[in-house]
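Below: the structure, in structure tokens.
Laid out in structure tokens, this is it:
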């Protein structure tokens with residue numbers, strides 16, 4: 001008899017950080033590696049990333065984006081061309097300075113992002129308006145030598161991501177693409193991961209270094225009381241094209257610099273989904289992207305069960321499995337005979353499989369099966385018939401909708417409209433994120449952060465709130481003034497503590 005592995009030893013509500021790492025490791029989603037801040041993405045987690053990759057690649061191909069792959073090494077001269085860009089990344093850039101015992105004449109950086117890798121090539125490839133738009137995307141690893149505390153999938157040194165880079169003849173075309181891509185990120189979170197996110201504009205302080213403006217989809221982790229940047233789409237204007245001389249002839253031999261965008265999403269998306277949906281029993285995986293969507297467990301079999309009865313039960317179970325496979329529903333039969341049924345239940349619960357079908361000999365006599373939903377923990381009896389595939393597909397859709405609506409309801413309950421700094425700090429400490437009138441000056445933004453920071457012995461105990469985004473959709477602002485300087489405000493900004 002296999003030894004039962006213990007489940008989670010901490011509760012989500014009581015020790016969120018420890019709970020999160022236990023869920024990932026015990027759910028076989030991820031494992032730790034010997035280099036701090038680097039992690040092993042196991043099949044249970046990597047499968048979901050591949051589902052995201054397939055969906056997103058299909059969608060951006062409709063927009064004319066092509067797949068490519070650039071080198072990971074950046075010459076120092078390339079990286080230093082854009083001062084404001086590199087200054088934001090410089091503490092995190094890892095440099096290769098030696099090969100064996102030989103010091104390199106010119107050190108090379110391992111990419112923290114690829115603007116400076118790609119754009120010298122763009123300058124060679126683009127000379128005429130006929131070469132535009134140029135749209136490429138790559139799926140790759142980047143390295144940011146994170147000096148602060150790391151969190152699996154959320155903040156790590158080595159990051160798996162996609163990054164898109166495009167060049168356009170005019171600003172209007174580039175502006176439209178920024179929002180088209182942002183909509184895809186919003187849809188991916190909603191349609192694949194059942195995660196609600198908020199679309200908005202980054203403030204000048206928080207925008208991507210070297211961009212004209214940055215748009216974002218922001219998530220929210222209720223138990224941590226923190227916002228989290230889920231994906232970004234940036235308009236770079238002509239900043240990088242001027243730096244790398246990416247230009248085209250427009251009229252009568254006159255040249256102009258192209259307008260550029262960059263946009264990206266990382267495996268942080270997986271961490272966000274795990275944090276939001278999972279519970280004290282383990283992972284709760286979104287059903288549309290789970291590696292195993294349905295597990296079927298034969299029940300009531302023992303050494304006393306006749307071979308005839310066992311074969312009869314397994315024949316029905318295999319018929320159901322084959323029906324589901326024909327409809328491309330991912331299904332697994334757990335017919336191990338060296339562990340108990342209870343062990344199997346726990347095994348698949350902690351791994352987050354969305355649907356469990358239980359069938360025993362007594363169920364077979366009634367032509368029934370019991371279906372357990374991982375997200376709610378509820379069981380219902382269903383007739384075994386030729387419509388089993390349709391029933392399971394409806395359940396997959398229902399579970400996805402339930403998970404999204406539950407997360408959305410919790411998110412909305414924690415977004416509060418606040419118009420004074422005293423209530424702001426109080427509600428922030430109650431794990432809320434706050435829609436706040438703000439004059440959009442960096443000075444007041446910094447004061448909000450400072451006034452909401454918790455200190456102990458002159459050291460930061462709890463970081464203050466920063467601007468998450470200026471949401472595209474919010475309550476109409478009327479006669480509101482900035483909570484710091486009391487000057488007039490045009491729109492609400494979402495503030496909160498963040499990862």
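In UniProt numbering, the protein residues as written are 1 to 499.
Glycine included, C-beta positions come from ideal geometry on N, C-alpha and C.
Note: residue 369 is bridge-paired with 382 in the DSSP secondary-structure output. With 16 or more other CB atoms across the displayed protein chains lying within 10 angstroms of its CB, residue 122 is buried. Within the same chain, Cβ atoms closer than 8 Å to the Cβ of residue 329 are found at 293, 294, 389, 392, 393, 396, the five residues on either side in sequence being excluded. The criterion of a C-beta distance shorter than 8 Å is satisfied by residue 144 and residue 112. The count of Cβ pairs closer than 8 Å, one atom from the segment 338 to 347 and one from the segment 284 to 293, stays below three, leaving the stretches out of contact. A distance below 6 Å between beta-carbons, with the five flanking residues on each side excluded, links residue 281 to the following residues of its chain, in chain order: 349. Per the Cβ contact rule, the segment 243 to 260 is not in contact with the segment 220 to 230 (fewer than 3 Cβ pairs under 8 Å). Of the other Cβ atoms in all chains shown, fewer than 16 fall within 10 Å of the Cβ of residue 102; this residue is therefore exposed. For the segment 402 to 474, the full-length alpha helix (DSSP H) segments reaching 4 residues or more read 421 to 428, 442 to 451 along the chain.
Looking from the CA of residue 494, the closest CA among 467, 484, 481, 258 belongs to 467. Between the segment 312 to 332 and the segment 209 to 223, the count of Cβ pairs shorter than 8 Å is below three; the stretches do not touch.
Residue burial annotation: residue 347 is buried, with at least 16 other C-beta atoms found within 10 angstroms of its C-beta. Residue 40 has 31 as its beta-bridge partners, per DSSP. The Cβ-Cβ distance between residue 272 and residue 296 does not fall below 8 Å.
Judged by DSSP in its simplified three-state form, residue 13 adopts coil rather than helix or strand. DSSP places residue 340 in the coil class of the three-state scheme, outside both helix and strand. Inclusion of residue 499 and residue 475 in the CB contact set at 8 Å is not warranted, their separation being larger than that value. Under DSSP, the beta-bridge partners assigned to residue 166 are 135, 261. Here residue 135 is buried. Its C-beta has 16 or more other C-beta atoms within 10 Å. Residue ranges of uninterrupted alpha helix (DSSP H) with 4 or more members, entirely inside the segment 276 to 335 and ordered along the chain, are 307 to 326.
Around residue 208, the same chain offers 214, 232, 234 as residues with beta carbons nearer than 7 Å, after the five sequence neighbours per side are excluded.
The count of Cβ pairs closer than 8 Å, one atom from the segment 166 to 177 and one from the segment 258 to 266, reaches three, so the stretches are in contact. Assigned with DSSP and collapsed to three states, residue 347 falls in helix.
Annotated as proximal: residue 352 and residue 278, with beta-carbon spacing under 8 Å. Each residue's CA atom was taken as its position, placing residue 445 and residue 412 some 23 Å apart. With 16 or more other Cβ atoms inside 10 Å of its own Cβ, residue 20 counts as buried. In the DSSP assignment, residue 228 falls within the beta strand (DSSP E) that extends over 226 to 237. The C-alpha of residue 146 lies about 10 Å from the C-alpha of residue 94. Taking the C-beta atoms as reference points, residue 125 is found no nearer than 8 Å to residue 53.
Inter-segment contact for the segment 74 to 83 and the segment 199 to 208 is absent: fewer than three beta-carbon pairs are separated by less than 8 Å. Within its own chain, the residues whose Cβ lies closer than 8 Å to the Cβ of residue 156, once the five positions on either side in sequence are excluded, are 37, 38, 39, 146, 150, listed in chain order. Under the DSSP assignment, residue 246 falls outside any alpha helix (DSSP H); it carries neither an H nor an E label. The three-state reading of DSSP puts residue 212 in coil, since its state is none of H, G, I, E or B.
By the neighbour-count criterion, in which a residue is buried when 16 or more other Cβ atoms sit within 10 angstroms of its Cβ, residue 405 is exposed. Distances from the alpha-carbon of residue 182 to those of 59, 141, 72 put 59 closest. Beta-carbon to beta-carbon, residue 381 and residue 264 are separated by about 47 Å, too far to satisfy the 8 Å threshold.
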